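One structure is given here, and the rest of the page talks about it.
Residue numbers (this note's numbering), protein chains in the order written: chain A, 1 to 285; chain B, 286 to 531.
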């Protein structure tokens, strides 16, 4: 039962990240890889505050604002440069955030990470925390679904399909790109606060490149511009992800095996089913 | 006059594509920009539309200086354009494409989030425009399923539906079959009857002769001559830039 609760909580947190990430990638057509680092910004903001006596709820709010603010700064170059170059910038962003986490030891505790993060009062019990996480996921899904199903969401799709035509029809492309990235960033920040409270310990390793591959694979396997696709993609990946842990291999090998499996899956989907399981668009169209 | 272009210049590296170019467009008229390949027609179109920014010169639209406005701001000021090769929102249906053209202010995140909206709310407007422009197709069709000629009509319909006071048409009959060319000719005349202001680029001289009220001839990035089609097509200099000197 304990393992089931752990798994549901973990999936709910990652689903929150993945459906948020789906907005700029699937609807706006911006392949950002920096979401894992926005998750780190959210998690560290919440963890630092919570270990200094601030409540989870204020930590959550601060995490959302910090990740939203940082994603605004990250989004600024997206106003003018080509999508491919923006992707390169977001890769650079992962390394910058990692360097800050590892080297700003007085605040982040460097490679040792932050320990002793407490869960919100009233939700210390794993089952209660799982319920809270699922509730946060449902709210995230409801909010973002409303956004992408609105005319605003359609305007984002016009930017994805042809930014020049979108401009010629009166769509402020730069603003639409920034708003989609910041909206996603805020929810990824919220997910970050949940990561910190769930694991009760965070370090740079939690927010490293293997998770970037996992998040990207979930989106691409599920299909771009589809929430149901993102949800199914996450579940499919966890169905592959979890049984690997029970294979009779040394623990050090399991991580590499997971990464290899996700990368292979990503490659196969891009080659043979570019719209994923139920996508409306495809990468690089 | 609705559009007044003054001393526009644009260079790409060492190449001066447009040099001190000036012309104007009158309201309710069809004005054609013609000239041989490399004369700077598309560059001028992109400068007027805002896809490119001018190195020198000013552009006035409806009396306002729009030189420093971006393309989306010029669109909202009343410019709507088509493309030489139709550009599509390829993952969307015809209806979705048309609704995007009609609906303005859909970048208002919160307003859109809380207000009710219906994909079908503009159907009657869309159907009226399609009927007027002779474009027959189911609104649920994916735009990628359209033939080349249908894409040309689709592009024109989308530009027409986008709220505008001037249409910029980039080679509306390029590559279309003679039947569609004739029907596009009739459409242009119907648009003129409706009082539309049109600035178009076209290589097809018969088409230009049939629809244009005024012709502006470009050569090497500047205006060679302008006037009524009859006068312009009999100008020796125009024949020379098209056919080369004897």
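Where a beta carbon is used, it is the ideal one built from N, C-alpha and C, also for glycine. The structure displayed is predicted, hence computed values, not measured ones.
Among residues of its own chain, excluding the 5 on either side of residue 514(B), which ones have a beta-carbon nearer than 6 Å to its beta-carbon?
Within the second chain, numbered from 1, the residue matching residue 514(B) stands at position 229. Excluding residues within five positions, the ones whose Cβ falls inside 6 Å are 494, 497, 500.
Pick helix, strand or coil for residue 82(A), following the three-state DSSP scheme.
To locate residue 82(A), count along the first chain from 1; it is residue 82. DSSP places residue 82(A) in coil when its eight states are reduced to three.
Please list, in chain order, the residues of the stretch 166-179 of chain A that have any C-beta partner in chain B closer than 9 Å.
Within the stretch 166-179 of chain A, the qualifying residues are 166, 167, 168, 169, 170, 171, 172, 173, 174, 175, 176, 179.
Would you tell me roughly how many angstroms separate the C-alpha atoms of residue 106(A) and residue 446(B), rounded to the nearest one?
In the first chain, counting from the first residue as 1, residue 106(A) sits at position 106. In the second chain, counting from the first residue as 1, residue 446(B) sits at position 161. Taking the straight line from one Cα to the other gives about 59 Å.
Using 10 angstroms around the beta-carbon of residue 27(A), count the other beta-carbons present and answer buried if the total reaches 16, otherwise exposed.
Mapped onto the first chain, residue 27(A) falls at position 27. By the neighbour-count rule (16 or more Cβ atoms within 10 Å), residue 27(A) is buried.
Of all the residues that make up the stretch 326-337 of chain B, which are near chain A by a beta-carbon distance shorter than 9 Å?
334, 335, 336
Would you say residue 409(B) faces chain A, with C-beta separation under 7 Å as the test?
Against the second chain, residue 409(B) aligns to sequence position 124. Contact with chain A is absent for residue 409(B), since none of that chain's Cβ atoms lies less than 7 Å from the residue's Cβ.
Does residue 531(B) get closer than 7 Å to chain A when you measure Cβ to Cβ?
As a working mapping, residue 531(B) is identified with position 246 in the second chain. Confidence at residue 531(B) is low in this model, with a pLDDT of 46, below 50, so its placement is unreliable and the value that follows should be read with caution. Not an interface residue.
Flag residue 161(A) as yes if its beta-carbon sits less than 7 Å from any beta-carbon of chain B, otherwise no.
Along the first chain, one-based indexing puts residue 161(A) at 161. Chain B contact via Cβ: present.
Would you say the beta carbon of residue 354(B) is closer than 6 Å to some non-hydrogen atom of the ligand GDP?
In terms of ligand content, the structure shown is empty, and the ligand GDP therefore cannot be addressed.
So is residue 258(A) buried or exposed if we call it buried at 16+ other beta carbons inside 10 Å?
Position 258 of the first chain holds residue 258(A). Residue 258(A) is buried by the Cβ-count criterion.
Would you say residue 25(A) and residue 31(A) are within 7 Å of each other, going by their C-beta atoms?
Taking the first residue of the first chain as position 1, residue 25(A) is located at position 25. Taking the first residue of the first chain as position 1, residue 31(A) is located at position 31. Against a cut-off of 7 Å, the Cβ pair of residue 31(A) and residue 25(A) comes out as a contact.
Which same chain residues, not among the five before or five after residue 40(A), have their C-beta less than 6 Å away from its C-beta?
Along the first chain, read from residue 1 onward, the residue named residue 40(A) stands at position 40. So the qualifying residues of the chain are 97, 207.
Whole angstroms is fine: what's the gap from residue 21(A)'s alpha carbon to residue 407(B)'s?
Against the first chain, residue 21(A) aligns to sequence position 21. Against the second chain, residue 407(B) aligns to sequence position 122. Their backbone Cα atoms lie some 31 Å apart in a straight line.
Can you tell me which residues form a DSSP beta bridge with residue 319(B)?
As a working mapping, residue 319(B) is identified with position 34 in the second chain. According to DSSP, residue 319(B) bridges with 502(B).
Would you please state the rounded distance, in angstroms, between the beta carbons of residue 194(A) and residue 13(A)? I believe it to be under 8 Å.
Reading the first chain from its first residue, position 194 is the one you call residue 194(A). Reading the first chain from its first residue, position 13 is the one you call residue 13(A). Yes, residue 194(A) and residue 13(A) are in contact; Cβ-Cβ is about 5 Å, under 8 Å.
Just curious, the alpha helix (DSSP H) that residue 408(B) is in, first and last residue?
As a first step, residue 408(B) is located in the second chain; it is residue number 123 there, counting from the start. Taken as a continuous stretch (DSSP letters only), the alpha helix (DSSP H) holding residue 408(B) covers 408-418.
What does residue 226(A) touch in chain B if you count any residue whose Cβ is under 9 Å from its own?
Your numbering for residue 226(A) matches position 226 in the first chain. Result: empty, since nearest Cβ-Cβ is about 11 Å, beyond 9 Å.
Tell me the residue span of the beta strand (DSSP E) that contains residue 483(B).
Along the second chain, read from residue 1 onward, the residue named residue 483(B) stands at position 198. Segment 483-486, the beta strand (DSSP E) holding residue 483(B).
Quick one: does residue 286(A) have its CB under 7 Å from some CB of chain B?
This structure leaves residue 286(A) out entirely; chain A is present only between 1 and 285.
At 3 residues or longer, and completely inside the stretch 51-117 of chain A: list those beta strand (DSSP E) runs for me, N to C.
none
Do three or more CB pairs link the stretch 270-278 of chain A to the stretch 338-353 of chain B at distances below 8 Å?
no
Can you check whether the C-beta of residue 322(B) is within less than 7 Å of a C-beta belonging to chain A?
The residue given as residue 322(B) occupies position 37 in the second chain. It does not: the Cβ of residue 322(B) has no partner Cβ on chain A nearer than 7 Å.
Can you list, in chain order, the residues of its chain with a C-beta nearer than 8 Å to that of residue 278(A)? Leave out the 5 residues immediately preceding and following it.
To locate residue 278(A), count along the first chain from 1; it is residue 278. Excluding positions up to five away in sequence, the list reads 222, 223, 226, 228, 229, 232.
Span of the beta strand (DSSP E) holding residue 307(B)?
Counting from 1 along the second chain, the entry for residue 307(B) is found at position 22. First-last of the beta strand (DSSP E) with residue 307(B): 300-310.
Which of the residues in the stretch 147-158 of chain A, read from start to end, lie with their CB under 7 Å from any CB of chain B?
Near chain B, meaning a CB-to-CB distance below 7 Å, the residues of the stretch 147-158 of chain A are 147, 150, 151, 152, 154, 155, 157, 158.
Does the distance from the CB of residue 38(A) to the CB of residue 182(A) come in under 7 Å?
The count along the first chain starts at 1 and reaches residue 38(A) at position 38. The count along the first chain starts at 1 and reaches residue 182(A) at position 182. Taking 7 Å as the Cβ cut-off, residue 38(A) and residue 182(A) do not qualify as a contacting pair.
Have a look at the DSSP bridge pairing and note the partners of residue 261(B).
Not covered by the structure: residue 261(B). The range shown for chain B is 286 to 531.
Provide the residue(s) that pair with residue 533(B) in DSSP beta bridges, ordered along the chain.
Since the first and last residues shown for chain B are 286 and 531, residue 533(B) lies out of range.
List the residues of chain B that residue 239(A) touches, going by C-beta distances under 9 Å, in chain order.
Locating residue 239(A) in the first chain gives position 239, where the first residue counts as 1. Ordered by position in chain B, no residue passes the 9 Å Cβ test against residue 239(A), which lies about 28 Å from the chain.
Output, in chain order, the set of chain B residues within a Cβ distance shorter than 8 Å of residue 79(A).
Taking the first chain and counting its residues from 1, one reaches residue 79(A) at position 79. Per Cβ cutoff of 8 Å: no residues; residue 79(A) is ~11 Å from chain B at best.
Please list the terminal residues of the continuous beta strand (DSSP E) segment that includes residue 508(B).
If you number the second chain from 1, residue 508(B) lands on position 223. Where residue 508(B) is concerned, the enclosing beta strand (DSSP E) stretches over 507-512.
Assign residue 335(B) to buried or exposed, taking buried as 16 or more other Cβ atoms, counted over all protein chains shown, within 10 Å of its Cβ.
Against the second chain, residue 335(B) aligns to sequence position 50. With 16 or more Cβ atoms within 10 Å of its Cβ, residue 335(B) is classed as buried.
Name the chain A residues whose beta carbon is nearer than 8 Å to that of residue 389(B)?
Your numbering for residue 389(B) matches position 104 in the second chain. Ordered by position in chain A, the residues that pass the 8 Å Cβ test against residue 389(B) are 170.
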